[in-house]
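Peer 1: Protein chains in written order, with this note's numbering: chain A, 8 to 281; chain B, 263 to 334; chain C, -12 to 172; chain D, 3 to 380.
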Amino acid sequence: MASRLVEEYFRKETLPNIWCPGCSNGIVTMAIVRAIDNLKIDKDKVVVVSGIGCSSRASGYLDFNTLHTTHGRAIAFATGVKFANPELTVIVITGDGDNAAIGGNHFIHAARRNIDITVVMYNNHIYGMTGGQASPTIPRYDKATTAPYGSIDRDFDICKLAIGAGATYVARGTAYHVQQLVKLIEKGISHKGFSFIEAMSICPTYYGRRNKKGSPADMLKWLKDNSIDINKAAKMKPEELEGKIIIGEFVNIEAPEYTEEYQKMVERLKVSVK
Amino acid sequence: MEKKLVIIEDWCKGCGICVEFCPVRVLEIKDGKVRLIDEDRCIKCGLCEMRCPDFAIYLEVKKDVEGVNAGK
Amino acid sequence: MRSLEIRLGGSGGQGLILAGIILAEAAILDGKVSVQSQSYGPEARGGSSKAEVIISDGPIVYPKVLKPDVLLALTSSAYKSYKEDVKETGLIIVDDSVEVEKESKVKTLKFPILKTAQEVVGKAYVANIVSLGVIAELTKIVSEESLEKAVLKRVPAGTEELNRKALEEGFKLGKVEDKWVEQMI
Amino acid sequence: MSRVLMQGNEAVVEGAIRAGMRFYAGYPITPSTEIAELCAEKLPFVGGKFIQMEDEIASMAAIIGASLAGLKAMTATSGPGFSLMQENIGFAAMAEVPCVVVDVQRMGPSTGMPTLPAQGDVMQSRWGTHGDHSIIVLSPSSVKEAYYVTIQAFNLSEKYRTPVVILMDEVIGHLRETVNLDEYGDIEIIERKIPEDIENYLPYKDIENGVAPLIPFGKGVRYHVTGLVHNEKGLPTNDTKIAERLIKRLVDKIEKNKEDIVMYEEKGEKEGDILFISFGSTSRSVEAAEEELKKEGFKVGIFRPITIWPFPDTRLRKIYPKFRKIFVVEMNRGQLYYEVDRVVKREGAVENINKANGEFFTPCEIVEKVKERIKNGF
């Protein structure tokens, strides 16, 4: 036996998961499951699509319709699934390498279309599956196997990118603030349109060791101590926010949703043909 | 309503997250696995389950006399 | 089995590909078999443009024009590029703005196609339809009725009258006394 | 429908809709763009979906997703886009998702000559994606056949749960011909069957033709689809025995059913001097060349594979011994030639006639090249 959530929503024969000890991917995956459970969505109608990387392995453990695709392309596959059958609830599980580097183009265009897909990006600043290379979200001057002297790249704020590309629900949570993360994911799934939730995660094995971040618990504590709620952040000066993680809801707006717009066009055409 | 803390040893990787975030410090890592030191002091808050990356520790909720499922 | 090859040459934007399609569809309405192909430069307008049509009584195996029986050239460059390919027994139709060789082995006729489109019909862009009128009148490769039907099926809604007039003006231009026409038929 | 003038690209769309295609995702590229444009125009009226994606990688991904969600799906492209699609074509092969990819070939490599024809993607269509797999590739040589071949592409993709490539070329894609599609009469359309017993459904078990019926997402069977090596449930595994069984099944389901899959056409003499082998638009030039050579007293036969991959080798083995010389004519530097040479194990029997400059073969050129090659006898 396992917990009710595991019994109900996981493929038990695939557990234990392959993630390293202390990896927060399991925490975020369970947060997604809690959100689906809270919303009481029929699991036959849920499709979880993932790309390639550590976090993308989550789809295999989950007892939904699951699609583990190619590197960076999860959102493009998900677009096909959702557009073909808009009744399905489509959730994309992706990572910072999968989504912000190789998958960046699909990400911005899905946001632009405002197609009703919820993307949860596990951001651990590193490519874990391939052994710790720098991702587009690695903090500047932090180290990775491909940035042995510290990364000189500027790091990417993916929430800002999502907002710029037209996503209609954008939020950031962390693997420490689990209750809040569950709520943000719930709201993202309920939201009609393209929803993006960035889940700040920890990779104790590659990112943590190389950058001397301590134990998994230390890394979660760091998330706790360095996260600032968006409402509080609004009252703070830029220099006070330097190096901090702003968490909460950035955008929650209504806009025409892609699959509905297509259906409306079809209805209009039917009328005009008659 | 009765709650019981359950540990799935096979799934536990001994990362120690639950130990650190237990508000009453009743968990420890022994031989690479988590262990409940003192059941009486456990307040069944569920924070360990919330942050366990391996789904290896959880509160089992048993139905009470009225038959209300407290899990939902 | 008789088979006629027609090449329409000019510049991009003159509507020659559409003209080729219309000619091919008119032939089908006449109960014949036709194919149409085209080539164009990368530019949608202004580059060179070529459309080809083969009209036959039976199946057409090789779908491209090798030796045109009829060449239409609306520009000098089209004339220069394609005149050598035309069969000796064929016909070259050019716009009167095109300077033609005096010593041409192939029968060559000049018509004010572009001018008629611009000044008589009133729109430069119907030169393609004027051309079709000229070709049909001269060669009888398609019937006038079928050609008119094909034109009206393909031109944009709202331009039917304009194109009908363009076709008529083309027919008028093409009414010339010439032995070649009898040979062709 | 009766007799109409139809473009090759248009015939593909007509065939696809007839076959039940209700999802198209694509990205504009010459000389295939008319396919996307016509799908955008027509699909809303038949209950279908059209989406213009951000690139060809996404287009290929979207049709796989749509197919898993239950719609017959297609994309179309040309060389550069076909290159971009390769990884996800491999995913469709590995995850066994039915879909149809049209490659209207143009002159390459790279950007090449976008408006001019070529047949340089023969090997790419077979081996373009990495790893061992089999694939079905069909090549029509007329507008009418483009319609028929597209319907069969969907049928084969459903029957064998595989991506099917329609290898067209600029000549057939842009050519308009007089066609009467009614002449085909009723064509059988293969639909997806949902099995009675979905309780014990295994998406990757060999039930029939090497595959299990594909139950779309959302129908109550929750299974996993992955590009990783997987067991019958679809779950990833590193078990080398399972891997071997899987790859063998993926290859065998096509190679062992070759006789059901292959289509070809034979014309001219059954034995004689010259056997021409060509496909797609080039076979139109070859047919015209054959007429010329016949007039000059040569005995000429034509073998035209419509299914390029798997190659119809069983049939070719029966035919070729009766000819003295075999010429493979293609608009490339020699690709199908190697496959023919593999089948015909006779020293010096197979020669290639090639052209790779964006020009369509004229019958005359072929005749001249043949005469040049045989001037010192066969």
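Just so you know, even glycine gets a beta-carbon here, dropped at the ideal spot from N, CA and C.
#1: Counting only beta-carbon atoms, is Thr364(D) nearer than 8 Å to chain C?
#2: Look at the alpha carbon of Gly79(A) and the alpha carbon of Asn130(A), and state the distance between them as a whole number of angstroms.
#3: May I ask you to report which of helix, strand or coil DSSP gives Ser127(D)?
#4: Quick one: give me the first and last residue of the beta strand (DSSP E) that Thr117(D) is part of.
#5: On the DSSP bridge assignment, give the partners of Asn334(D) in chain order.
#6: Could you tell me if Gln186(A) is buried or exposed, where buried requires 16 or more neighbouring beta carbons within 10 angstroms of its beta carbon?
#7: Give me the residue from Asn218(A), Arg161(A), Thr152(A) and Ile235(A) with the minimum Cα distance to Arg179(A).
#8: Please check if any C-beta of chain B sits within less than 8 Å of the C-beta of Leu227(A).
#9: With distances taken Cα to Cα, identify the nearest neighbour of Val167(D) among Val124(D), Tyr340(D) and Val352(D).
#10: Comparing alpha-carbon positions, which option in Leu3(C), Glu(-8)(C), Ala11(C) and Lys159(C) lies nearest Phe98(C)?
#11: Who are the Cβ neighbours of Ala31(C) in its own chain at under 7 Å, not counting the five residues just before and after it?
#12: Taking the runs of the alpha helix (DSSP H) that are 4 residues or longer, which of them lie wholly in the stretch 111 to 136 of chain C?
#13: In terms of DSSP beta bridges, what is Ala75(D) paired with?
#14: Using a Cβ-Cβ cut-off of 8 Å (strictly less than) and excluding sequence neighbours within five positions of Ile145(A), which residues of its own chain qualify?
#15: Helix, strand or coil, according to DSSP, for Asn259(A) in the structure here?
#16: I believe Glu36(D) touches Thr117(D) by the beta-carbon criterion, under 8 Å. Please report the beta-carbon distance rounded to the nearest angstrom.
#17: Cα separation between Gly276(B) and Ala318(B)?
#18: Taking a Cβ distance cut-off of 7 Å, strictly less, list which residues of the stretch 6 to 23 of chain C are near chain D, in chain order.
#19: Helix, strand or coil for Ala31(C), going by three-state DSSP, please let me know.
#20: From Ala137(C) to Lys89(C), what distance separates their C-alpha atoms?
#21: Between the stretch 7 to 23 of chain C and the stretch 123 to 141 of chain C, do three or more beta carbon pairs fall short of 8 Å?
#22: Going along chain F in order, which residues have a C-beta closer than 7 Å to the C-beta of Val13(A)?
#23: Mind checking Leu248(A): buried by the 16 CB within 10 Å criterion, or exposed?
#24: Under the assumption that Val99(A) contacts Ala108(A) (Cβ atoms under 8 Å), give the Cβ distance between them as a whole number of angstroms.
#25: DSSP three-state call for Met8(D): helix, strand or coil?
#26: Have a look at Val345(D), Phe362(D), Glu341(D) and Arg326(D) and flag the residue whose alpha-carbon is nearest the alpha-carbon of Val372(D).
#27: Could you spell out the range, first to last residue, of the alpha helix (DSSP H) harbouring Val286(B)?
#28: From Met76(D) to Ile42(C), what distance separates their C-alpha atoms?
#29: Counting pairs of Cβ atoms below 8 Å between the stretch 301 to 312 of chain D and the stretch 78 to 91 of chain D, do you hit three or more?
#30: For Gly299(D), count neighbouring C-beta atoms within 10 Å of its own C-beta (all shown protein chains included) and say buried if the count is 16 or more, exposed if not.
#31: Taking only beta-carbon atoms, is Asp272(B) less than 8 Å away from chain A?
#32: Which chain A residues sit within Cβ distance under 9 Å of Glu301(B)?
#33: May I have the straight-line CA-CA distance separating Leu154(C) from Glu261(A), to the nearest angstrom?
#34: Could you pull the start and end residues of the alpha helix (DSSP H) that Asp105(D) belongs to?
#35: When the cut-off is 8 Å and only beta carbons count, does Pro55(C) lie next to chain D?
Peer 2: Answer, in terms of the structure:
#1: Residue mapping note: residue 364(D) aligns to position 362 of the fourth sequence, counting from 1. Output row for Thr364(D): interface = yes.
#2: Start at 1 with the first residue of the first sequence, and residue 79(A) comes out as number 72. Start at 1 with the first residue of the first sequence, and residue 130(A) comes out as number 123. The alpha-carbon atoms of Gly79(A) and Asn130(A) are separated by roughly 14 Å.
#3: Along the fourth sequence, read from residue 1 onward, the residue named residue 127(D) stands at position 125. In this structure, Ser127(D) counts as helix in the three-state DSSP scheme.
#4: Walking along the fourth sequence from the start, residue 117(D) turns up at place 115. Taken as a continuous stretch (DSSP letters only), the beta strand (DSSP E) holding Thr117(D) covers Met115 to Pro119.
#5: Counting from 1 along the fourth sequence, the entry for residue 334(D) is found at position 332. None; Asn334(D) has no bridge partner.
#6: As a position in the first sequence, residue 186(A) is number 179, starting the count at 1. Gln186(A) should be labelled exposed.
#7: As a position in the first sequence, residue 179(A) is number 172, starting the count at 1. Comparing Cα positions, the closest option is Ile235(A).
#8: On the first sequence, residue 227(A) is found 220 positions in, with the first residue counted as 1. Chain B, which has a Cβ nearer than 8 Å to the Cβ of Leu227(A), makes this yes.
#9: Residue 167(D) sits at position 165 when you count from the first residue of the fourth sequence. With distances taken between Cα atoms, Val167(D) lies closest to Val124(D).
#10: Your numbering for residue 98(C) matches position 111 in the third sequence. Of Leu3(C), Glu(-8)(C), Ala11(C) and Lys159(C), the residue nearest in Cα terms is Lys159(C).
#11: Looking up residue 31(C) in the third sequence gives position 44. Because Ala31(C) carries a pLDDT of 46, less than 50, the predicted location of this residue cannot be relied on, and the following value inherits that uncertainty. The residues are Gly(-1).
#12: 114 to 126
#13: In the fourth sequence, residue 75(D) corresponds to position 73, counting from 1. DSSP lists Phe25(D) as partners of Ala75(D).
#14: Locating residue 145(A) in the first sequence gives position 138, where the first residue counts as 1. Taken in chain order, the residues that qualify are His132, Ile133, Ala151, Ala154, Ser158, Asp160, Asp162 and Tyr214.
#15: As a position in the first sequence, residue 259(A) is number 252, starting the count at 1. Strand.
#16: Residue mapping note: residue 36(D) aligns to position 34 of the fourth sequence, counting from 1. Residue mapping note: residue 117(D) aligns to position 115 of the fourth sequence, counting from 1. The Cβ separation is near 13 Å, so there is no contact.
#17: Stepping through the second sequence from its first residue, residue 276(B) is reached at position 14. Stepping through the second sequence from its first residue, residue 318(B) is reached at position 56. When rounded, the distance between both Cα atoms is 10 Å.
#18: Ile8, Ala11, Glu12, Ile15, Val20, Ser21, Val22 and Gln23
#19: For the purposes of this step, residue 31(C) is identified with residue 44 of the third sequence, where counting begins at 1. Any reading at Ala31(C) must be qualified, since the residue scores a pLDDT of 46, below 50, and its modelled position is unreliable; no value is offered.
#20: Translated into the one-based positions of the third sequence, residue 137(C) becomes position 150. Translated into the one-based positions of the third sequence, residue 89(C) becomes position 102. So the two alpha carbons sit approximately 36 Å from each other.
#21: yes
#22: Among the protein chains in the structure shown, which are A, B, C and D, there is no chain F.
#23: In the first sequence, residue 248(A) corresponds to position 241, counting from 1. Classification of Leu248(A): exposed, given that the 10 Å Cβ count is below 16.
#24: Locating residue 99(A) in the first sequence gives position 92, counting from the first residue. Locating residue 108(A) in the first sequence gives position 101, counting from the first residue. Actually they are not in contact, since the Cβ atoms of Val99(A) and Ala108(A) sit about 16 Å apart, beyond 8 Å.
#25: Along the fourth sequence, one-based indexing puts residue 8(D) at 6. Looking at Met8(D) - three-state DSSP - the assignment turns out to be strand.
#26: Position 370 of the fourth sequence, counted from the first residue, corresponds to residue 372(D). Of the candidates Val345(D), Phe362(D), Glu341(D) and Arg326(D), the one whose C-alpha sits nearest the C-alpha of Val372(D) is Arg326(D).
#27: Along the second sequence, read from residue 1 onward, the residue named residue 286(B) stands at position 24. From DSSP, Val286(B) is part of no alpha helix (DSSP H); its letter is neither H nor E.
#28: What you label residue 76(D) is simply residue 74 of the fourth sequence in a count that begins at 1. What you label residue 42(C) is simply residue 55 of the third sequence in a count that begins at 1. So the alpha carbons of these two residues sit roughly 34 Å apart.
#29: no
#30: By 1-based counting over the fourth sequence, the position of residue 299(D) is 297. It is exposed - the Cβ of Gly299(D) has fewer than 16 other Cβ atoms within 10 Å.
#31: On the second sequence, residue 272(B) is found 10 positions in, with the first residue counted as 1. Yes, its Cβ sits closer than 8 Å to a Cβ of chain A.
#32: As a position in the second sequence, residue 301(B) is number 39, starting the count at 1. Within chain A, no residue comes near Glu301(B); the closest Cβ sits about 18 Å away, beyond 9 Å.
#33: Taking the third sequence and counting its residues from 1, one reaches residue 154(C) at position 167. Taking the first sequence and counting its residues from 1, one reaches residue 261(A) at position 254. Taking the straight line joining both Cα atoms gives about 54 Å.
#34: Counting from 1 along the fourth sequence, the entry for residue 105(D) is found at position 103. Note, Asp105(D): premise wrong, no alpha helix (DSSP H); beta strand (DSSP E) at Cys101 to Met109.
#35: By one-based count along the third sequence, residue 55(C) stands at place 68. Not an interface residue.
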